[in-house]
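Here is the structure we will look at, set down as structure tokens.
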Amino acid sequence: MRSDIQRYRQRRQVEADRRLESLLAAFKDWKEENTNLREKVRAKHLFAEQTGLAVEQVEKRPWDMLFEEWFSYDYVTIIGTHLFDMFLKQTLTERTRMDLQLGGLLLTASWLPVELNEKNRWARAVGKQEFSGRLQQDPALEPAVSSTWLVRTARVGFEDTRLGQAVPIQPNSEEFQALMLEAEEAYYKEEHIRWHKEKGASWLHFALPSVSF
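The opening residue of the sequence shown carries number 281 in the numbering used here; numbering runs sequentially from there.
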């Protein structure tokens, strides 16, 4: 019986991973065709403001990749929505049930700091919940580089899965601790999803400058 359950979970996990890959590929194509240039210019200025970067830096690696991730999922357009949400609504007839389930998870996913806990396992810095095995084994999270990373995650199938880049951050400054207190307050008020969507890019103030990620 146990092996049957394991095989079922494995099949479902493979299916979920494939659907996620297909969904993200479809979104990438849609975004390339539907991105408004004026909207993107506005977004770059807002991203630069949140991260403390110059607009010119936003257009250079690795910041350009991080900007595209933020632009896709966190940026609020002039009409008050997210690009990924627009994609789901405009391609609704093409989406499967699993697509929509995954899409809902991606809509709430945001950048958040993760850290090594006392058991040497990766956990959310805010809330302290440990991640599943996949994220524990993610090679992008290198403890030798930093014990704290900024990642965007979603529960895909049965596994916590990293979406996009992993950014090493320096958590020791007073400014970082002040932002942590603000995030923890939002968590205890059960407002953390909205808070991270609105302010998640602020964690990039603390990205380690000497590391190429």
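Each residue gets a CB set at the ideal place from its N, CA and C atoms; glycine is no exception.
Straight-line gap, residue i to residue j (C-alpha atoms, nearest Å)
i: threonine 315; j: serine 283; result: 47 Å
i: histidine 476; j: alanine 328; result: 17 Å
i: tryptophan 343; j: tyrosine 288; result: 40 Å
i: glutamine 330; j: glycine 360; result: 18 Å
i: arginine 318; j: valine 356; result: 14 Å
i: arginine 292; j: aspartate 379; result: 13 Å
i: glutamate 312; j: glutamine 370; result: 14 Å
i: valine 335; j: glutamine 290; result: 44 Å
i: phenylalanine 456; j: histidine 485; result: 9 Å
i: arginine 404; j: aspartate 418; result: 15 Å
i: phenylalanine 351; j: glutamate 374; result: 23 Å
i: lysine 469; j: methionine 345; result: 32 Å
i: valine 497; j: valine 425; result: Nothing can be reported for residue 497: it is not among the residues displayed for the chain, which extend from 281 to 493.
i: valine 294; j: alanine 305; result: 17 Å
i: glutamate 471; j: glycine 332; result: 24 Å
i: glutamine 286; j: glutamate 465; result: 39 Å
i: asparagine 400; j: arginine 341; result: 31 Å
Neighbourhood of residue i by C-beta, 8 Å cutoff - its chain only, sequence neighbours within 5 removed
i: leucine 382; result: Ala296, Arg299, Leu300, Leu303, Ala434, Val436
i: threonine 376; result: Arg299
i: serine 390; result: Tyr353, Asp354, Arg432, Ile473, His476, Lys477, Gly480
i: histidine 325; result: Val335
i: leucine 385; result: Ala434, Arg435, Val436
i: tryptophan 310; result: Phe367, Gln370, Thr371
i: glutamate 454; result: none
Selection from the options that minimises the alpha carbon distance to residue i
i: leucine 363; options: Phe411, Glu454, Pro419, Thr388; result: Thr388
i: arginine 442; options: Leu459, Ile449, Leu421; result: Leu421
i: lysine 408; options: Phe367, Gln457, Tyr467; result: Tyr467
i: glutamate 398; options: Phe307, Pro489, Glu465, Glu410; result: Glu410
i: asparagine 452; options: Arg404, Ala487, Ala446, Glu478; result: Ala487
i: phenylalanine 347; options: His472, Val321, Ala305; result: Val321
i: methionine 460; options: Asn400, Ala334, Glu470, Leu392; result: Leu392
i: isoleucine 358; options: Leu372, Leu333, Ala323, Met345; result: Ala323
Contact set for residue i: own chain, Cβ-Cβ below 6 Å, skip 5 residues either direction
i: serine 412; result: Glu439, Asp440
i: phenylalanine 307; result: Phe367
i: glutamine 450; result: Phe486, Leu488
i: glutamine 337; result: Trp343
Supposed close pair residue i, residue j - CB separation, criterion 8 Å
i: alanine 463; j: valine 406; result: 5 Å
i: glutamate 349; j: glycine 444; result: 4 Å
i: tryptophan 483; j: leucine 430; result: 5 Å
Residues near residue i by beta carbon distance below 7 Å, same chain, minus five either side
i: lysine 396; result: Here the sequence assigns leucine to residue 396, which means lysine is not the residue at that position. Closer than 7 Å at the Cβ level, and outside the excluded window around leucine 396, lie Trp402, Pro423, Ser427.
i: aspartate 365; result: Leu387
i: alanine 262; result: It is not possible to answer for residue 262, since the shown part of the chain is limited to 281 through 493.
Any non-hydrogen atom of the ligand MN closer than 7 Å to residue i Cβ
i: glutamate 455; result: Of the ligands one can find in the structure shown there are none, so the ligand MN has no counterpart to examine.
Secondary structure, beta strand (DSSP E): runs of 3+ residues fully inside the region 312-342: none
Uninterrupted alpha helix (DSSP H) stretches inside the region 346-402 (no shorter than 4 residues): 363-370, 377-388
Whole runs of the beta strand (DSSP E) within the region 447-474, excluding any shorter than 3 residues: none
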